[in-house]
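Q: Those protein sequence lines, which keep their order, are chains H and Z.
Take 1 as the starting number for the first sequence in the numbering used here and just add one per residue.
Take 1 as the starting number for the second sequence in the numbering used here and just add one per residue.
Virtual Cβ for every residue (Gly too), placed ideally from N, Cα, C.
Number of protein chains: 2
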Amino acid sequence: MKTYLDCIPCFFRQALEAARLATDDEVKQREVLNRVALEIPKFPLDATPVEMGRTIHRLIKEITGNQDPYAELKRHYNELAAKMVEKLKPLVRNADDPLQMAVRIAIAGNIIDFGALSNFDLDRSVEESLRFDFGVFDYEEFKRQLNASESVLYIGDNAGEICFDKLLIELMHEMGKKLIFAVRSVPIINDATVEDAVWCGIDRFAQVIDSGSDAPGTILEHCNPRFLEIFRQADMVIAKGQGNFETLSDAGRPIFFMLKAKCPIVARELGVKTGDIVLKLGGNATS
Amino acid sequence: MKTYLDCIPCFFRQALEAARLATDDEVKQREVLNRVALEIPKFPLDATPVEMGRTIHRLIKEITGNQDPYAELKRHYNELAAKMVEKLKPLVRNADDPLQMAVRIAIAGNIIDFGALSNFDLDRSVEESLRFDFGVFDYEEFKRQLNASESVLYIGDNAGEICFDKLLIELMHEMGKKLIFAVRSVPIINDATVEDAVWCGIDRFAQVIDSGSDAPGTILEHCNPRFLEIFRQADMVIAKGQGNFETLSDAGRPIFFMLKAKCPIVARELGVKTGDIVLKLGGNATS
Numbered sequence: 001m002k003t004y005l006d007c008i009p010c011f012f013r014q015a016l017e018a019a020r021l022a023t024d025d026e027v028k029q030r031e032v033l034n035r036v037a038l039e040i041p042k043f044p045l046d047a048t049p050v051e052m053g054r055t056i057h058r059l060i061k062e063i064t065g066n067q068d069p070y071a072e073l074k075r076h077y078n079e080l081a082a083k084m085v086e087k088l089k090p091l092v093r094n095a096d097d098p099l100q101m102a103v104r105i106a107i108a109g110n111i112i113d114f115g116a117l118s119n120f121d122l123d124r125s126v127e128e129s130l131r132f133d134f135g136v137f138d139y140e141e142f143k144r145q146l147n148a149s150e151s152v153l154y155i156g157d158n159a160g161e162i163c164f165d166k167l168l169i170e171l172m173h174e175m176g177k178k179l180i181f182a183v184r185s186v187p188i189i190n191d192a193t194v195e196d197a198v199w200c201g202i203d204r205f206a207q208v209i210d211s212g213s214d215a216p217g218t219i220l221e222h223c224n225p226r227f228l229e230i231f232r233q234a235d236m237v238i239a240k241g242q243g244n245f246e247t248l249s250d251a252g253r254p255i256f257f258m259l260k261a262k263c264p265i266v267a268r269e270l271g272v273k274t275g276d277i278v279l280k281l282g283g284n285a286t287s
Numbered sequence: 001m002k003t004y005l006d007c008i009p010c011f012f013r014q015a016l017e018a019a020r021l022a023t024d025d026e027v028k029q030r031e032v033l034n035r036v037a038l039e040i041p042k043f044p045l046d047a048t049p050v051e052m053g054r055t056i057h058r059l060i061k062e063i064t065g066n067q068d069p070y071a072e073l074k075r076h077y078n079e080l081a082a083k084m085v086e087k088l089k090p091l092v093r094n095a096d097d098p099l100q101m102a103v104r105i106a107i108a109g110n111i112i113d114f115g116a117l118s119n120f121d122l123d124r125s126v127e128e129s130l131r132f133d134f135g136v137f138d139y140e141e142f143k144r145q146l147n148a149s150e151s152v153l154y155i156g157d158n159a160g161e162i163c164f165d166k167l168l169i170e171l172m173h174e175m176g177k178k179l180i181f182a183v184r185s186v187p188i189i190n191d192a193t194v195e196d197a198v199w200c201g202i203d204r205f206a207q208v209i210d211s212g213s214d215a216p217g218t219i220l221e222h223c224n225p226r227f228l229e230i231f232r233q234a235d236m237v238i239a240k241g242q243g244n245f246e247t248l249s250d251a252g253r254p255i256f257f258m259l260k261a262k263c264p265i266v267a268r269e270l271g272v273k274t275g276d277i278v279l280k281l282g283g284n285a286t287s
């Protein structure tokens, strides 16, 4: 997905929020905004918004010295999500269609996104995700491909959210799938890293790897060879969240994108309303 | 009022909205955002947000060649407001306190502000303004000073809004006040100019002058000598809207600010909630 002009004001909102988390020093916060501003004229709109996100958060680390401004928030949401997911687990077990229920719960967790939102209502996201219709729902194809697949690469998104993913991962594990769960290589916004995936216990059901990405998405040119090999060879790829959609929507292989459309620009790109839940088969170079 | 870091993302939102009104050419819209970005590091935070507004809209005129992107919106809101005000007029005539009713109606019109908001509900603003409590309500002092004043300078804000001001202007005219109504010298966002004031018929009750300001507020250093003389010598000054508050809050003379607090930063500066209506005595160098 390309960057739209509407993304530019949002880059500054995101930079300011992150800078304030990283430091109380207003001079440094201002310096972050100044440096982001100087990047704007150089930034090509055919790059994805995630690439500017990468630049912004690299600048914040450089200027403030804080390598993980979201560390505390990530811990908090991992713990909160783990508790919520324990309560949601019976919903999957008792559902007429456990797979669909696990998909809905995984998408509910995608609200925990400090890149797109500065505040959100997790309980409401769960409630809506269980009850609402999907904006895009390529579920029959999802089931068909999942049944036909041996290996599944699941590209996670945010800390906390990955606890919601775990129910779906566990279900696919029980279906006998060979699962690889990929996360970012370094802390970026509140995106999950290997540490978070292990904390949530995803490593009991999947091989956990880092993608090589230091961006809030999956920029293939920056990914490591191991991830790229799995990405090309896996029978099926599931990618969570807006950042993975923005960076992989033209990746040249089939990918099931699972997300909640939190920003109006991503929603428009997907042809859905802001707030809609989405399970979309995409990823072809022509899509 | 100084500029806060929170204003910086908002400058880009405002620049993009105005650039899109000024031209359909996305290359020029992008050029506007690039040029605004280059201004950010140079902009002193002790300047008012209005000064950046001035720069942004000067750049838009320069890059797009469109000297009045809001011309059609201004016309539309003048016409809409004139019709609404005809219906509201009896409310003032029949009120227990016609002056307070006219103040409330004048503030209701302050929602027509394309600098602060990209969309708004004018009917709802009127309804709330008639019914809600004020966030700040220096009304006793307002009445006292008005009764004691011969000359009143009323600094208007936006096209459309000035039709709402007219009821209060007319009432003060009937009270025998010598009224001067000041507007911007050139089109800037949807701020009213002399043409709008005359269209609304304010010149029947007040001497209409332009302040010399080419900014969406009243930057005294840029005002013309006639305005400055009246500003210093008028017995009473009333200033409408956020832009006039931002630029005159430290002007060194008593001013009654009448506005609807539309942005969270101005609301915080005034100690009120976003959406609150305000009649505040301020303007002293020490306030």
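Answer yes or no: does any C-beta atom of chain Z fall closer than 8 Å to that of residue 155(H)?
A: Taking Cβ atoms only, chain Z never reaches closer than 8 Å to residue 155(H), which makes this a no.
Q: Kindly indicate if chain H contains any beta-carbon less than 8 Å away from that of residue 300(Z).
A: No information on residue 300(Z) is available, as it lies outside the stretch 1 to 287 that chain Z covers here.
Q: Is the CB-CB distance between residue 37(Z) and residue 9(H) below 8 Å?
A: No; because the gap between Cβ atoms is not below 8 Å, this pair is not in contact.
Q: Skipping 5 residues on each side, what residues in its chain have a beta carbon closer than 7 Å to that of residue 21(Z)?
A: Beyond the five residues adjoining it in sequence on each side, residue 21(Z) comes within less than 7 Å, by CB distance, of 69, 70 in the same chain, given in chain order.
Q: For residue 37(Z) and chain H, any beta-carbon pair shorter than 8 Å?
A: yes
Q: Where residue 287(H) and residue 255(H) are concerned, what is the direct C-alpha to C-alpha distance, given to the nearest angstrom?
A: Confidence is the limiting factor: at residue 287(H) the pLDDT is only 41, short of 50, which leaves the residue's position unreliable and the question unanswerable from this model.
Q: I want to verify the contact list: residues of chain Z whose CB lies under 8 Å from the CB of residue 6(H), in sequence order.
A: 16
Q: Examine chain Z for any beta-carbon lying closer than 8 Å to the beta-carbon of residue 12(H), and answer yes or no.
A: yes
Q: Would you please verify whether the beta carbon of residue 238(Z) is less than 8 Å from any beta carbon of chain H?
A: no
Q: Just checking: is the beta-carbon of residue 60(H) within a distance shorter than 8 Å of some beta-carbon in chain Z?
A: It does not: the Cβ of residue 60(H) has no partner Cβ on chain Z nearer than 8 Å.
Q: Give the residues of chain Z in contact with residue 40(H), contact being defined as C-beta atoms less than 7 Å apart.
A: 33, 34, 37
Q: Of the choices 283(Z), 280(Z), 275(Z), 282(Z), whose alpha-carbon is the least far from that of residue 108(Z)?
A: 275(Z)
Q: Where does the unbroken alpha helix (DSSP H) through residue 77(Z) begin, and where does it stop?
A: 71 to 94
Q: Can you say whether residue 258(H) is buried or exposed, counting buried as having 16 or more other CB atoms within 10 angstroms of its CB?
A: With 16 or more other Cβ atoms within 10 Å, it is buried.
Q: With C-beta atoms as the reference, is residue 169(Z) less than 8 Å away from residue 205(Z)?
A: yes
Q: Looking at C-alpha atoms only, which residue of 214(Z), 63(Z), 199(Z), 279(Z) is the closest neighbour of residue 83(Z)?
A: 199(Z)
Q: Helix, strand or coil for residue 289(H), going by three-state DSSP, please let me know.
A: Outside the shown range of chain H, which is 1 to 287, sits residue 289(H), and nothing can be said about it.
Q: Give me the DSSP bridge partner(s) of residue 151(Z).
A: 178(Z)
Q: Is residue 9(H) close to chain Z? Criterion is C-beta to C-beta, closer than 8 Å.
A: At least one chain Z Cβ lies under 8 Å of residue 9(H).
Q: Around the C-beta of residue 197(H), are 16 or more other C-beta atoms found within 10 angstroms, so that it is buried, or is it exposed?
A: buried
Q: At a CB-CB cut-off below 8 Å, which residues of chain H make contact with residue 30(Z)?
A: 5, 45
Q: By Cβ distance, which residues of its chain are closer than 7 Å to residue 164(Z), with the 5 residues on each side in sequence left out?
A: 81, 85, 105, 106, 108, 109
Q: Quick one: is residue 289(H) buried, meaning 16 or more other Cβ sit within 10 Å of its Cβ, or exposed?
A: Since the first residue shown for chain H is 1 and the last is 287, residue 289(H) is missing from the structure and cannot be characterised.
Q: Apart from the five residues on each side of it in sequence, which residues of its chain come closer than 6 Å, Cβ to Cβ, to residue 161(H)?
A: 109, 110, 112
Q: State the Cα-Cα distance for the pair residue 143(H) and residue 229(H), rounded to the nearest angstrom.
A: Their backbone Cα atoms lie some 24 Å apart in a straight line.
Q: Out of 244(H), 67(H), 30(H), 283(H), state which residue places its alpha-carbon closest to the alpha-carbon of residue 252(H).
A: 283(H)
Q: So for residue 11(Z), helix, strand or coil by DSSP?
A: In the structure shown, residue 11(Z) falls within a helical segment according to DSSP collapsed to helix, strand and coil.
Q: Is any non-hydrogen atom of the ligand FMN found closer than 7 Å to the C-beta of residue 105(H), if you look at the structure I gave you?
A: Looking for the ligand FMN in the displayed structure turns up nothing, as the structure carries no ligands at all.
Q: So, helix, strand or coil for residue 63(H), using DSSP?
A: helix
Q: Does the pairing of the segment 177 to 185 of chain H with the segment 262 to 278 of chain H give three or more beta-carbon distances under 8 Å?
A: Not touching, per the Cβ criterion.
Q: DSSP on residue 191(Z), reduced to helix/strand/coil?
A: Three-state result, residue 191(Z): strand.
Q: How many whole angstroms separate the CB atoms of residue 15(Z) and residue 32(Z), which I take to be in contact at a CB cut-off of 8 Å?
A: 6 Å
Q: Leaving out five residues before and five after residue 120(H) in sequence, what residues of the same chain have Cβ atoms less than 6 Å from its Cβ?
A: 111
Q: For residue 43(Z), does the count of other Cβ atoms within 10 angstroms reach 16, so buried, or fall short, so exposed?
A: buried
Q: Around the C-beta of residue 246(Z), are 16 or more other C-beta atoms found within 10 angstroms, so that it is buried, or is it exposed?
A: buried
Q: Does the beta carbon of residue 287(Z) sit closer than 8 Å to a beta carbon anywhere in chain H?
A: Summary for residue 287(Z): the model assigns pLDDT 42, below 50, so the residue's position carries little reliability; its value from the coordinates is reported in the next sentence. So, not an interface residue.
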